[in-house]
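**Student:** Mind looking over this structure? Questions follow.
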Amino acid sequence: MPRKLSTYLKAEYGEKIYRLSLSSGCTCPNRDGSIKLPDGTPLTGGCTFCSEGGSGDFATEVAPIDEQIEKAKLVICKKTDAKRFIAYFQSFTNTYGDLSRLEELYTKAIQRDDIEILSIGTRPDCINDEVIAMLKRLNSIKPVWIELGLQTINEESALRFHRGYELKVFDDAYKRLKDAGIDVIIHVIFGLPFETEEDMLGTIRYLSLLEPGIDGIKIQNLQVLKGTKLFEEFEEKPFHILGLEEYTELVKKSLELLPESVVVHRITGDGPKRILVEPKWSADKKRVMNYMNKELKDILI
């Protein structure tokens, strides 16, 4: 039976550890034209479902790291007496850029007494020898988690949403990270345009069979956000949007496929309400979590 992140952290650290969403100032190779479509067109808009803020619409603005951390802590500490945190660099591709600058930034974060874990979101095509060496140095200070945006193993879907790399690139990056002793968390999206249930569960089966096994997973429902390419596509040719019950059943089947060693970091997502178009049910986070927790209580501890 897979464990929730909160269960894992309490077992490892004796208390709840809170995530701070931070910004590294990076962009993505499929935003700056470095990656090209098969017809030679440079990618400049990122993945079609990404908003202008990338996946980090709730992150703080780019500022000196200590300032970012203290500001993010203030938000959490208004509601809790939290003392220990995960420094989470979420938006865009956080191993893409000047590595000397990034290592200095991450070192400042991870060396703080109130930071227990460094979590870095990135792309498999932005993992090279120099990145691996940097991550190993950081991991010798405190635990480092790398979060890889895979979303699907379906190459047709990946091409459709402009992921910009093939599955074999993910496989290579994953192996190199695991060989370096880095914990890896995989991001998956359910509800991508025209994917079937078998497509979605096929991605989970693939991940469940990786050797060595994945350390964690984040499952999220596709969100159609205003201002994105996906929104334009949806307006022109609407595609099926998963309902809450349908989505929850897919998550349930996925959890039943995953090894018990996998830590489940996320089971749904909630985009900014000001730009959220679909699914409308995801705007009511309290209702969604109450429903999903009730439905998954027997298979997710």
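So the mapping is simple: my numbering equals the position in the sequence shown, first residue as 1, plus 587.
By construction, the Cβ of each residue, glycine as well, lies at the ideal position given by its N, Cα and C atoms.
These numbers come from a predicted model, not from an experiment.
#1: Quick one: measure Cβ to Cβ for residue 719 and residue 763, integer angstroms, because I've assumed they're closer than 8 Å.
#2: Please tell me whether residue 634 and residue 679 are closer than 7 Å, where the distance is taken between their beta carbons.
#3: In its own chain, which residues sit with a C-beta less than 8 Å from the C-beta of residue 591, not counting the 5 before and 5 after it?
#4: With a Cβ-Cβ cutoff of 7 Å, do residue 728 and residue 697 count as a contact?
#5: Am I right that residue 829 and residue 792 are in contact with their C-beta atoms under 8 Å? What's the rounded C-beta distance?
#6: Could you check what DSSP says for residue 647 in three-state terms: helix, strand or coil?
#7: Using beta-carbon positions only, say whether residue 883 and residue 839 come within less than 7 Å of one another.
#8: Looking only at its chain, what residues have a beta carbon closer than 6 Å to the beta carbon of residue 595, apart from the 5 residues adjacent to it on each side?
#9: Can you grab the Cα-Cα spacing for the pair residue 601 / residue 665, in whole Å?
#10: Is the beta carbon of residue 636 sitting closer than 7 Å to the one on residue 815?
#11: Within its chain, find whatever has a CB closer than 8 Å to the CB of residue 800; leave out the 5 residues flanking it on each side and keep chain order.
#12: Return yes when the Cβ of residue 722 is within less than 7 Å of the Cβ of residue 674, no when it is not.
#13: Could you check what DSSP says for residue 655 in three-state terms: helix, strand or coil?
#14: Who are the near neighbours of residue 767 in its chain, counting only those whose CB is closer than 7 Å to its CB and skipping five residues on each side?
#15: In angstroms, rounded to a whole number, what distance separates the CA positions of residue 777 and residue 733?
#16: Could you check what DSSP says for residue 744 in three-state terms: helix, strand or coil?
#17: Report yes if the CB atom of residue 655 is closer than 7 Å to the CB atom of residue 609, and no otherwise.
#18: Closer than 7 Å by C-beta to residue 860: which residues in its own chain qualify, once you throw out the five before and the five after it? Chain order, please.
#19: Would you check if the distance between the CB atom of residue 711 and the CB atom of residue 771 is smaller than 7 Å?
#20: Out of curiosity, what's the CA-to-CA distance linking residue 775 and residue 605?
#21: How would you label residue 598, buried or exposed, when you count the other beta carbons within 10 angstroms and need 16 or more for buried?
#22: So what does residue 774 bridge to, in DSSP terms?
#23: Rounded to whole angstroms, what's the CA-CA distance from residue 630 to residue 813? Just pull it up for me.
#24: Give the DSSP bridge partners of residue 788, in chain order.
#25: Based on Cα-Cα distance, which residue from 833, 784, 853 and 867 lies nearest to residue 810?
#26: Just the C-alpha distance for residue 653 and residue 639, rounded to the nearest angstrom, thanks.
#27: Pull up the CB-CB distance for residue 854 and residue 806, whole angstroms please, since I reckon it's below 8 Å.
#28: Which residue's Cα is closest to the Cα of residue 626: 751, 701 and 593?
#29: Would you say residue 760 and residue 714 are within 7 Å of each other, going by their C-beta atoms?
**Tutor:** Let me lay it out:
#1: Within the sequence shown, numbered from 1, the residue matching residue 719 stands at position 132. Within the sequence shown, numbered from 1, the residue matching residue 763 stands at position 176. Right, their Cβ atoms sit about 6 Å apart.
#2: The count along the sequence shown starts at 1 and reaches residue 634 at position 47. The count along the sequence shown starts at 1 and reaches residue 679 at position 92. No.
#3: For the purposes of this step, residue 591 is taken as residue 4 along the sequence shown, with counting starting at 1. Around residue 591: 850, 851, 887 and 888.
#4: By one-based count along the sequence shown, residue 728 stands at place 141. By one-based count along the sequence shown, residue 697 stands at place 110. Contact: yes.
#5: Walking along the sequence shown from the start, residue 829 turns up at place 242. Walking along the sequence shown from the start, residue 792 turns up at place 205. With 8 Å as the limit, residue 829 and residue 792 do not qualify as a contact, their Cβ atoms being about 19 Å apart.
#6: Position 60 of the sequence shown holds residue 647. Note that residue 647 scores 43 on pLDDT, short of 50, meaning its location in the model is unreliable and no value can be drawn from it.
#7: Locating residue 883 in the sequence shown gives position 296, counting from the first residue. Locating residue 839 in the sequence shown gives position 252, counting from the first residue. Going by C-beta atoms, residue 883 is nearer than 7 Å to residue 839.
#8: The residue you call residue 595 lines up with position 8 of the sequence shown. Closer than 6 Å at the Cβ level, and outside the excluded window around residue 595, lie 850.
#9: Within the sequence shown, numbered from 1, the residue matching residue 601 stands at position 14. Within the sequence shown, numbered from 1, the residue matching residue 665 stands at position 78. C-alpha separation (whole angstroms): 22 Å.
#10: Within the sequence shown, residue 636 is the residue found at index 49, counting from 1. Within the sequence shown, residue 815 is the residue found at index 228, counting from 1. Yes, the Cβ-Cβ distance between residue 636 and residue 815 is below 7 Å.
#11: Translated into the one-based positions of the sequence shown, residue 800 becomes position 213. Cβ within range, chain order: 846, 848 and 849.
#12: Reading the sequence shown from its first residue, position 87 is the one you call residue 674. Reading the sequence shown from its first residue, position 135 is the one you call residue 722. Not in contact: residue 674 and residue 722 (Cβ atoms no closer than 7 Å).
#13: Numbered from its first residue, the sequence shown carries residue 655 at position 68. Residue 655 falls in the helix class under three-state DSSP.
#14: What you label residue 767 is simply residue 180 of the sequence shown in a count that begins at 1. Excluding sequence neighbours, residue 767 sits near 719, 722 and 723.
#15: As a first step, residue 777 is located in the sequence shown; it is residue number 190 there, counting from the start. As a first step, residue 733 is located in the sequence shown; it is residue number 146 there, counting from the start. Cα to Cα, the separation comes out at about 21 Å.
#16: Here residue 744 refers to the residue found at position 157 of the sequence shown. In this structure, residue 744 counts as helix in the three-state DSSP scheme.
#17: In the sequence shown, the residue the question calls residue 655 occupies position 68. In the sequence shown, the residue the question calls residue 609 occupies position 22. A contact, by the Cβ cut-off of 7 Å.
#18: What you label residue 860 is simply residue 273 of the sequence shown in a count that begins at 1. Result list for residue 860: 870, in chain order.
#19: On the sequence shown, position 124 is the one that residue 711 refers to. On the sequence shown, position 184 is the one that residue 771 refers to. Taking 7 Å as the Cβ cut-off, residue 711 and residue 771 do not qualify as a contacting pair.
#20: The residue you call residue 775 lines up with position 188 of the sequence shown. The residue you call residue 605 lines up with position 18 of the sequence shown. The alpha-carbon atoms of residue 775 and residue 605 are separated by roughly 22 Å.
#21: As a working note, residue 598 is residue 11 in the sequence shown. Under this definition residue 598 is an exposed residue.
#22: As a first step, residue 774 must be located in the sequence shown, where it is residue number 187. Its beta-bridge partners are 736 and 805.
#23: Start at 1 with the first residue of the sequence shown, and residue 630 comes out as number 43. Start at 1 with the first residue of the sequence shown, and residue 813 comes out as number 226. Their backbone Cα atoms lie some 19 Å apart in a straight line.
#24: Looking up residue 788 in the sequence shown gives position 201. BP columns for residue 788 are empty, so no partner.
#25: For the purposes of this step, residue 810 is identified with residue 223 of the sequence shown, where counting begins at 1. Here the closest residue by C-alpha is 867.
#26: In the sequence shown, residue 653 corresponds to position 66, counting from 1. In the sequence shown, residue 639 corresponds to position 52, counting from 1. Roughly 25 Å separates the two Cα atoms.
#27: The residue labelled residue 854 in the question sits at position 267 within the sequence shown. The residue labelled residue 806 in the question sits at position 219 within the sequence shown. Yes, residue 854 and residue 806 are in contact; Cβ-Cβ is about 6 Å, under 8 Å.
#28: On the sequence shown, position 39 is the one that residue 626 refers to. Considering only alpha carbons, the answer is 751.
#29: In the sequence shown, counting from the first residue as 1, residue 760 sits at position 173. In the sequence shown, counting from the first residue as 1, residue 714 sits at position 127. Going by C-beta atoms, residue 760 is nearer than 7 Å to residue 714.
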